[in-house]
Structure formats: structure tokens, C-alpha cells
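**Student:** Attaching a single structure in C-alpha cells format; questions to follow.
Residue numbers (this note's numbering): 1293 to 1849.
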């Protein structure tokens, strides 16, 4: 069973997809009161509801078990008292007590028919988040090489999460944080110089970036500056700064375009005011100085050890200090209400110290998220993805082999708390084992039958409310309601994969229903009802696909 939740904002209460739950919650509250059990708010009633097995009802409530201790009664006795009052309510078809005190409730057909007629391609949208600004920073790969496979997961997850936030009325800014400073840029310059013939000490050489793109950039710099000797003579940091701009413009941004991801802001690290951050931490008495360096005081921050902010060896600011400045800037100086940062597996575990530092500065609203490692499996062999060794998988190569929307679906449907072995054979399959194919085939079937009906001058938008709603159709409608619930829940859980899994389940329910219920050859009243069902489900499915960034296909090869 899956617990339900309802957004009680005034923006949502009038919409049918929410009202169907509010009608049930109101009925449950009234029955609770009529049974002389006291007051049960609509919100409390809703929180007691869950989806149950469709054979037993549309919804179940555990309110009797929640309140049994309060009344010092057997929960089943409480459930029976509520059930008796529920059975006379206008929106309730049946109510039964099950097990230790569950209430299994089935709504009237008329309630579901009204819900069906309000299903359209905007049914997942609301204005619940209106007036709240959210900055979602993701991918933010260093401008030291092409995007790689793990960036795809970070990117698709971030983009779908941004879409879900926007669908609920939040003001969303997609941001790419550009690490255009620090030692890595100098290392990039040295890598280009090494490709131009420069010789570095082994301990320096072995950590420099490698790959065909470095060779290409080295040749380009030689052409620009007048030969390899001229390239070798340049300051590595200055050379790296020139090269990173080329990588961003000619390697990273074109790949982002292929992914279908557009950023509202590219925010450079180089403009951060880190000196002011140190001063703020000093004012919070959270700075300690020892060993020639400046540290965040562990005792003050509630950490296990001091964290260095400015190093003693070279007086350089650490990435930790820059991260504090960056998040402070978003939440205080730039005025975002929430700042979500999605990082890759290399940064997992570093969020605790950043949250602690922001707490010291009195800043809230920072939400750290992450994706895990990705392994691309081909012919039983794992490809490595290190930019520095030159044997990484450029994301463009992956997108040459896998359609971008298929990649989007596969990555977005994966739980970001688990590692991902991505099998190319499954991703490229054109059958029911490919989840996107399976979902898209459901859409194609809907479109096809509606087109055939229109070709025969049959009105597809009308319905016959006289038809009893079979369990299979109740299950379909209930699944759309569950999708709505999961979209709302994603704002607090920051999980997008449950939405895609429910979408796959919806497709499965539709395929089963479609294969067992003739449409165009059915009796007129049945045909009308089934066409109306398909018409509205088609609209809902189209809107759901578009919401997650998938283009609905009306034909498949």
C-alpha cells in the first residue's frame, strides 16, 4: 500500500485530481464525527489513506488503528462504527472492515467518471509553489574535458527534477557552476603543454589530463601561438584558462544541447567573494588558525575535525571555502528560497561539513543531492571513464549509440541511491523489455484507435456515465491519481524515479485492458465509454511524457 498526500493550498483545492481525495477525506471525517468519535480533520483523514489492492477497494484507511489507543478500544470495533456511517455517504459505493481494523473503501462510479472527464495534459500541474524560488545546480562538470557518462545521470535527474518543480508553480533556475579557477585549470594547461612536447616530472605527468581532445587542443594552441615551443613557454594557468573556455563552448555546451538541457545560468567560480566568507565565519567565531593555514573550527561547527579553508602551502582557497561562498551567495545575496545541488559520486559525503558551515552563518535552504557511479557494460566488459587516463567514454559517443530520450528515460527511472550498470543491449531493444518502448507503445495504441474512430466519424470525447466502471478501468484511473501524488511527493523527497516507475505500471495496466476489451467493435454505449476512457488517458499520458522531457510518438516502426 502507498500512502497518499494532498496539497491543501488554495491553488490546488479546486482541481479535480485533488478533489477526488478531498471528497473521500471529507466523507471519512464526517463518518468519524457521526460515529461519535470526535473530530477528524480532512488532512488527518487524508494521511490515513493509502492505495490498496483494487480487488478490495479503491483506497484503504488505517485511521481506526491510529486512534485505537486514544479510545482504549479494539481498532476493528472503531472501524466498524466508522464503516456504518460511511456506507450512507453520497460519494461512497462500498465500505468494508478488513483485518485488524482497515477500512476498504470504494468510490461511486460517478466520482470516477467526473475525474475522468477532467483528465487532460495539464492534470499534473498546480501552482502550489507559486512565489517560491528554487535554484537547481547540476552537472557542473569541470571544463577540463568532454562530458562523460556519469554526467548524463546527473543531467537527466537534475532536468527532470527541475521540470517537476516547475510543474508545481515554483520559480526554477537551472544553473551550471563553472569551476574556472584553481589548480585544475593550471593542470589543464600543463596537459596541453605536455601534448606539445613539454616534459614534466613523473609525479606531475601522471596526473595530467589525456585523450584525443587534449592532442587536438594542443595542435590548436600551437597554430594560435606560433608552434609547440610557444605553447610550452606560456604560463600553464593562463593557457588553461584559454583552453577551458574552448572546452566549455565547443565540447560541453553542444553536448548539453544534445541532451535537451538548457541552463538559465552559467555561474563562474572566479567571481566568488571568498574573503567575505572568511570574515563572516570569523564573526561567527568559527575560524581557527594553526599550521600556517585558516580552518573552520570543528568544535564550533560540530564536525569531527577542522576543515581547511585556506592552505598553508600555497595560500590558495580550498574548494570547501568556495562551496560555502557559492551556496551563501545563492541563498542570501541572490535571494533563492531553496538551493539544490546535485553532485556525482566523487563528492558524496562532503555535504555534512557544508551544511554545518552554512548553519553557522544562519543560512537554511541548502539541499544536497547526488547520483552514484555508472558502468557501461558492453560485451561483458566495463569501460573506464577517467578523463586523465584518456580511456573515458565521451557522452557524445554514448548518444551516438542510444537515442537521447531513451537515455533520459533510463537514467531518470534509476534510484539515485543505487549504482547503475547500464547494459546497451537492453537500452537499444525495441520490445517490451525496454521501458520507454513499452510506455510509448501504449501511447501509440491510444492514438491509433482514436484515429480509426475519427476516420469512421465516431465522436471520441463523449462518454456514457450509465456504464458500470470495471475494476480494470478503476485501476487505470487510480494509477493516474498515483502519478499525480508522486509528482507532488517529488518536491519533498527529491526522487523522480517513482514517477517513471508508475508510468511504466500505467502502461502495463493499459496494455492489459486494451487487449481484453474490444473498442471499436463493442456495442455503441460500451464503445462510447471506452473511447472516452482512451481519449482522456491519451491526453494524460501525453502530458506526463512531455513533463519529463519525452516527445510522444504517434507511430512506431
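Note that CB positions come from ideal geometry on N, CA and C, so glycine has one too.
Bridge partners of residue 1740, per DSSP?
**Tutor:** Numbered from 1 along the chain shown, position 448 holds the residue referred to as residue 1740. In the DSSP output, where bridge partners are listed per residue, residue 1740 has none listed.
**Student:** In chain order, which continuous runs of the alpha helix (DSSP H) of length 4 or greater are located wholly inside the region 1358-1393?
**Tutor:** Segments of the alpha helix (DSSP H) lying fully in the region 1358-1393: 1367-1378.
**Student:** Taking the beta strand (DSSP E) that residue 1847 falls in, what are its first and last residues?
**Tutor:** Within the chain shown, the letter at position 555 stands for residue 1847. Residue 1847 -> no beta strand (DSSP E), and no H or E assigned at all.
**Student:** Go ahead and label residue 1751 buried or exposed: buried means 16 or more other beta carbons lie within 10 angstroms of its beta carbon, across all protein chains shown.
**Tutor:** One-based indexing of the chain shown puts residue 1751 at position 459. By the neighbour-count rule (16 or more Cβ atoms within 10 Å), residue 1751 is not buried but exposed.
**Student:** Would you decide whether residue 1804 is buried or exposed? Buried here means 16 or more other CB atoms lie within 10 Å of its CB.
**Tutor:** Translated into the one-based positions of the chain shown, residue 1804 becomes position 512. By the neighbour-count rule (16 or more Cβ atoms within 10 Å), residue 1804 is not buried but exposed.
**Student:** My guess is that residue 1337 and residue 1321 are in contact by the Cβ rule of under 8 Å, so how many angstroms apart are they, rounded?
**Tutor:** Counted from its first residue, the chain shown places residue 1337 at position 45. Counted from its first residue, the chain shown places residue 1321 at position 29. Their Cβ separation, rounded to whole angstroms, is 5 Å, which keeps residue 1337 and residue 1321 in contact under 8 Å.
**Student:** Determine the extent of the beta strand (DSSP E) in which residue 1715 is found, giving its start and end residues.
**Tutor:** Start at 1 with the first residue of the chain shown, and residue 1715 comes out as number 423. Here the beta strand (DSSP E) through residue 1715 covers 1712-1715.
**Student:** When the Cα of residue 1340 is compared with those of 1313, 1366, 1362, 1364, which residue comes out closest?
**Tutor:** As a first step, residue 1340 is located in the chain shown; it is residue number 48 there, counting from the start. Minimum Cα distance to residue 1340 is reached at 1313.
**Student:** Which residues in the same chain as residue 1480 place their Cβ atom closer than 7 Å to its Cβ, once the five residues preceding and following it in sequence are excluded?
**Tutor:** Locating residue 1480 in the chain shown gives position 188, counting from the first residue. Closer than 7 Å at Cβ, skipping near neighbours: 1436, 1501, 1532, 1535, 1536.
**Student:** Measuring CB atoms only, is the region 1412-1420 touching the region 1371-1389, in the sense that at least three cross pairs come out at less than 8 Å?
**Tutor:** Flag = no, the region 1412-1420 and the region 1371-1389 do not touch.
**Student:** Quick check on DSSP: helix, strand or coil for residue 1563?
**Tutor:** For the purposes of this step, residue 1563 is taken as residue 271 along the chain shown, with counting starting at 1. If DSSP states are grouped into helix, strand and coil, residue 1563 belongs with the helices.
**Student:** So what does DSSP say about residue 1395, is it helix, strand or coil?
**Tutor:** Taking the first residue of the chain shown as 1, we reach residue 1395 at position 103. Reduced to three states, the DSSP call for residue 1395 is strand.
**Student:** Taking residue 1472 as the reference, give the member of 1506, 1667, 1371, 1563 with the closest Cα.
**Tutor:** Here the question's residue 1472 lines up with position 180 in the chain shown. Nearest option by C-alpha distance: 1563.
**Student:** Under 8 Å by Cβ, that's how I've got residue 1696 and residue 1551 pegged, so tell me the actual separation to the nearest angstrom.
**Tutor:** Taking the chain shown and counting its residues from 1, the one referred to as residue 1696 is at position 404. Taking the chain shown and counting its residues from 1, the one referred to as residue 1551 is at position 259. That belief holds up - the Cβ atoms of residue 1696 and residue 1551 are roughly 6 Å apart, short of 8 Å.
**Student:** For the candidate residues 1634, 1846, 1686, whose alpha-carbon lies nearest to that of residue 1737?
**Tutor:** Numbered from 1 along the chain shown, position 445 holds the residue referred to as residue 1737. Minimum Cα distance to residue 1737 is reached at 1846.
**Student:** Drop a sphere of 10 angstroms on the beta-carbon of residue 1528, count the other beta-carbons inside from all chains shown, and report buried for 16 or more, exposed for fewer.
**Tutor:** Here residue 1528 is taken as the residue at index 236 of the chain shown, counted from 1. Residue 1528 comes out buried.
**Student:** What are the residues that DSSP puts in a beta bridge with residue 1670?
**Tutor:** The count along the chain shown starts at 1 and reaches residue 1670 at position 378. Looking at the DSSP assignment, residue 1670 forms a beta bridge with 1673.
**Student:** Quick one, are the C-beta atoms of residue 1657 and residue 1629 less than 8 Å apart?
**Tutor:** Counted from its first residue, the chain shown places residue 1657 at position 365. Counted from its first residue, the chain shown places residue 1629 at position 337. For residue 1657 and residue 1629, yes; Cβs fall inside 8 Å.
**Student:** Nearer than 7 Å: is that true of the beta carbon of residue 1533 relative to any heavy atom of the ligand ADP?
**Tutor:** Summarising the ligand content, the structure contains no ligands, and the ligand ADP is consequently not present.
**Student:** What whole-angstrom Cβ distance do residue 1616 and residue 1428 have, given they're in contact under 8 Å?
**Tutor:** Reading the chain shown from its first residue, position 324 is the one you call residue 1616. Reading the chain shown from its first residue, position 136 is the one you call residue 1428. Actually they are not in contact, since the Cβ atoms of residue 1616 and residue 1428 sit about 19 Å apart, beyond 8 Å.
**Student:** How is residue 1585 classed by DSSP in three states: helix, strand or coil?
**Tutor:** In the chain shown, the residue the question calls residue 1585 occupies position 293. Reduced to three states, the DSSP call for residue 1585 is strand.
**Student:** Looking only at DSSP bridge pairs, what is residue 1425 linked to?
**Tutor:** As a first step, residue 1425 must be located in the chain shown, where it is residue number 133. For residue 1425, which the question treats as bridged, DSSP gives the partners 1463.
**Student:** Return the first residue and the last residue of the alpha helix (DSSP H) that residue 1698 is part of.
**Tutor:** By one-based count along the chain shown, residue 1698 stands at place 406. Where residue 1698 is concerned, the enclosing alpha helix (DSSP H) stretches over 1696-1704.
**Student:** Out of 1356, 1588, 1645, state which residue places its alpha-carbon closest to the alpha-carbon of residue 1574.
**Tutor:** One-based indexing of the chain shown puts residue 1574 at position 282. For residue 1574, the nearest C-alpha among the options comes from 1588.
**Student:** Can you check whether the CB of residue 1691 is closer than 8 Å to the CB of residue 1704?
**Tutor:** If you number the chain shown from 1, residue 1704 lands on position 412. If you number the chain shown from 1, residue 1691 lands on position 399. Taking 8 Å as the Cβ cut-off, residue 1704 and residue 1691 do not qualify as a contacting pair.
**Student:** Taking all protein chains shown into account, do 16 or more other C-beta atoms lie within 10 angstroms of the C-beta of residue 1402, making it buried, or fewer, making it exposed?
**Tutor:** Start at 1 with the first residue of the chain shown, and residue 1402 comes out as number 110. So residue 1402 ends up on the exposed side.
**Student:** Who are the Cβ neighbours of residue 1602 in its own chain at under 8 Å, not counting the five residues just before and after it?
**Tutor:** Counted from its first residue, the chain shown places residue 1602 at position 310. 1570, 1585, 1586, 1608, 1609, 1610, 1613.
**Student:** What are the start and end residues of each continuous alpha helix (DSSP H) run of 4 or more residues lying completely inside the region 1776-1819, in chain order?
**Tutor:** If we require 4 residues or more, the alpha helix (DSSP H) runs fully inside the region 1776-1819 come out as 1789-1808.
**Student:** Can you tell me the Cα-Cα spacing of residue 1405 and residue 1830, whole angstroms?
**Tutor:** Translated into the one-based positions of the chain shown, residue 1405 becomes position 113. Translated into the one-based positions of the chain shown, residue 1830 becomes position 538. Rounded to the nearest angstrom, the two C-alpha atoms are 16 Å apart.
**Student:** Starting from residue 1599 and walking both ways along the beta strand (DSSP E), at which residues does that stretch end?
**Tutor:** The residue you call residue 1599 lines up with position 307 of the chain shown. Looking at the DSSP string, the run of the beta strand (DSSP E) that includes residue 1599 is 1599-1602.
**Student:** Can you check whether the CB of residue 1712 is closer than 8 Å to the CB of residue 1666?
**Tutor:** Here residue 1666 is taken as the residue at index 374 of the chain shown, counted from 1. Here residue 1712 is taken as the residue at index 420 of the chain shown, counted from 1. A contact, by the Cβ cut-off of 8 Å.
**Student:** Could you tell me how far apart the beta carbons of residue 1439 and residue 1544 are, in whole angstroms, since I believe they sit closer than 8 Å?
**Tutor:** Taking the first residue of the chain shown as position 1, residue 1439 is located at position 147. Taking the first residue of the chain shown as position 1, residue 1544 is located at position 252. Right, their Cβ atoms sit about 6 Å apart.
**Student:** For residue 1753, which residues in the same chain have their Cβ closer than 6 Å to its Cβ, ignoring the five residues on either side in sequence?
**Tutor:** Sequence index remark: in the chain shown, residue 1753 carries index 461 (1-based). Closer than 6 Å at Cβ, skipping near neighbours: 1827.
**Student:** For the alpha helix (DSSP H) containing residue 1408, list its first residue and its last residue.
**Tutor:** For the purposes of this step, residue 1408 is identified with residue 116 of the chain shown, where counting begins at 1. Looking at the DSSP string, the run of the alpha helix (DSSP H) that includes residue 1408 is 1401-1409.
**Student:** DSSP three-state label for residue 1499, please.
**Tutor:** Reading the chain shown from its first residue, position 207 is the one you call residue 1499. It is coil, neither helix nor strand.
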